[in-house]
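So in my numbering, spot 85 of the sequence shown is number 95, and the numbers just go up one at a time. Note that the Cβ used here is the ideal one computed from N, Cα and C, for glycine as well.
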Amino acid sequence: MDATTPRTIVLAGPIGAPEMLSLANYCEHLERGGQTDLHLNMAAVTHCGREGLDGLLALVAGPGGMTVTVDGAKWRHFMQLLGAAPIVEMQGLCDSVRTLLPRPAPDLS
(Lines of atoms letter the chains of each structure in order from A and count residues from 1; the text may use other names and numbers.)
(Lines give C-alpha, C1' and ligand atoms only; values in the text may rest on other atoms or scores of the structure.)
Protein backbone atom coordinates (compact mmCIF):
# COMPACT_ATOMS: atom_id res chain seq x y z
CA MET A 1 0.00 0.00 0.00
CA ASP A 2 1.16 3.53 -0.74
CA ALA A 3 1.50 5.21 2.65
CA THR A 4 2.12 8.70 1.31
CA THR A 5 1.51 11.10 4.15
CA PRO A 6 -0.36 13.27 4.58
CA ARG A 7 -3.35 11.95 2.69
CA THR A 8 -6.63 13.84 2.21
CA ILE A 9 -10.11 12.33 1.97
CA VAL A 10 -12.91 14.61 0.79
CA LEU A 11 -16.14 13.73 2.59
CA ALA A 12 -19.37 14.36 0.66
CA GLY A 13 -23.09 14.12 1.32
CA PRO A 14 -24.57 13.28 4.71
CA ILE A 15 -22.34 11.86 7.44
CA GLY A 16 -24.11 9.40 9.72
CA ALA A 17 -23.55 5.97 11.24
CA PRO A 18 -23.03 4.01 7.98
CA GLU A 19 -20.57 6.55 6.62
CA MET A 20 -18.63 6.66 9.88
CA LEU A 21 -18.40 2.87 10.04
CA SER A 22 -16.98 2.82 6.52
CA LEU A 23 -14.61 5.70 7.25
CA ALA A 24 -13.40 4.17 10.53
CA ASN A 25 -12.71 0.85 8.78
CA TYR A 26 -10.82 2.64 6.00
CA CYS A 27 -8.79 4.61 8.55
CA GLU A 28 -7.79 1.34 10.25
CA HIS A 29 -6.75 -0.01 6.85
CA LEU A 30 -4.66 3.10 6.14
CA GLU A 31 -3.02 2.96 9.55
CA ARG A 32 -2.09 -0.71 9.11
CA GLY A 33 -0.51 0.30 5.80
CA GLY A 34 1.75 2.84 7.46
CA GLN A 35 -0.26 6.03 7.00
CA THR A 36 0.70 8.53 9.72
CA ASP A 37 -1.29 11.66 8.79
CA LEU A 38 -4.81 11.91 7.41
CA HIS A 39 -6.80 15.05 6.61
CA LEU A 40 -10.59 14.81 6.31
CA ASN A 41 -12.06 17.63 4.23
CA MET A 42 -15.74 18.35 5.02
CA ALA A 43 -16.27 20.97 2.29
CA ALA A 44 -18.75 18.79 0.37
CA VAL A 45 -20.70 17.50 3.40
CA THR A 46 -24.42 18.34 3.31
CA HIS A 47 -25.08 17.59 6.98
CA CYS A 48 -23.54 15.66 9.83
CA GLY A 49 -25.67 13.72 12.31
CA ARG A 50 -24.89 12.74 15.89
CA GLU A 51 -23.17 9.51 14.84
CA GLY A 52 -21.10 11.49 12.35
CA LEU A 53 -20.07 14.06 14.93
CA ASP A 54 -19.20 11.40 17.50
CA GLY A 55 -17.30 9.38 14.90
CA LEU A 56 -15.26 12.35 13.68
CA LEU A 57 -14.40 13.31 17.25
CA ALA A 58 -13.29 9.73 17.95
CA LEU A 59 -11.05 9.68 14.85
CA VAL A 60 -9.46 13.01 15.78
CA ALA A 61 -8.90 11.90 19.39
CA GLY A 62 -7.85 8.38 18.40
CA PRO A 63 -4.94 6.92 20.34
CA GLY A 64 -3.59 5.12 17.27
CA GLY A 65 -0.45 5.83 15.30
CA MET A 66 -2.24 7.99 12.72
CA THR A 67 -2.98 11.67 13.28
CA VAL A 68 -6.41 12.64 11.89
CA THR A 69 -7.35 16.28 11.30
CA VAL A 70 -10.62 17.75 10.02
CA ASP A 71 -10.72 20.70 7.63
CA GLY A 72 -13.66 22.58 6.17
CA ALA A 73 -16.13 21.97 9.01
CA LYS A 74 -18.81 24.65 9.23
CA TRP A 75 -21.75 25.24 11.56
CA ARG A 76 -24.15 24.57 8.66
CA HIS A 77 -23.02 20.93 8.57
CA PHE A 78 -24.46 20.43 12.06
CA MET A 79 -27.66 22.54 11.94
CA GLN A 80 -30.04 19.57 11.55
CA LEU A 81 -28.39 17.87 14.53
CA LEU A 82 -28.51 21.00 16.67
CA GLY A 83 -32.08 21.81 15.64
CA ALA A 84 -33.35 18.40 16.77
CA ALA A 85 -31.28 18.13 19.96
CA PRO A 86 -32.86 18.45 23.40
CA ILE A 87 -31.98 21.76 25.03
CA VAL A 88 -30.09 19.98 27.83
CA GLU A 89 -27.64 18.59 25.26
CA MET A 90 -27.14 21.83 23.32
CA GLN A 91 -24.08 23.17 25.16
CA GLY A 92 -22.22 19.87 24.95
CA LEU A 93 -23.04 19.46 21.26
CA CYS A 94 -21.93 23.01 20.46
CA ASP A 95 -18.69 22.45 22.36
CA SER A 96 -18.11 19.25 20.38
CA VAL A 97 -18.78 20.98 17.05
CA ARG A 98 -16.38 23.79 17.99
CA THR A 99 -13.54 21.28 18.30
CA LEU A 100 -13.92 20.49 14.58
CA LEU A 101 -14.21 24.08 13.37
CA PRO A 102 -11.13 25.73 11.88
CA ARG A 103 -11.35 28.74 14.22
CA PRO A 104 -13.62 29.95 17.01
CA ALA A 105 -17.18 30.75 16.01
CA PRO A 106 -17.93 34.45 15.58
CA ASP A 107 -19.65 36.24 18.46
CA LEU A 108 -23.31 36.54 17.40
CA SER A 109 -24.38 38.71 20.33
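Residues sharing a beta bridge with residue i, DSSP
i: residue 25; result: 58
i: residue 49; result: 18 and 79
Any chain D beta carbon closer than 8 Å to residue i
i: residue 67; result: Of the protein chains in the structure, only one exists, and it is not chain D.
Per-residue DSSP class, three states only, for residue i
i: residue 72; result: coil
i: residue 64; result: helix
i: residue 118; result: coil
8 Å contact criterion, which residue i and residue j should meet: CB distance rounded
i: residue 78; j: residue 31; result: So it is not a contact: roughly 16 Å between Cβ atoms.
i: residue 51; j: residue 98; result: About 32 Å; that fails the 8 Å criterion.
i: residue 103; j: residue 92; result: 6 Å
Assigned exposure category for residue i - 16 Cβ within 10 Å defines buried
i: residue 83; result: buried
i: residue 33; result: buried
i: residue 29; result: buried
i: residue 101; result: exposed
Check your understanding: Quick one: complete alpha helix (DSSP H) runs, 4+ long, within the region 78–111?
Key -> Segments of the alpha helix (DSSP H) lying fully in the region 78–111: 89–94 and 100–110.
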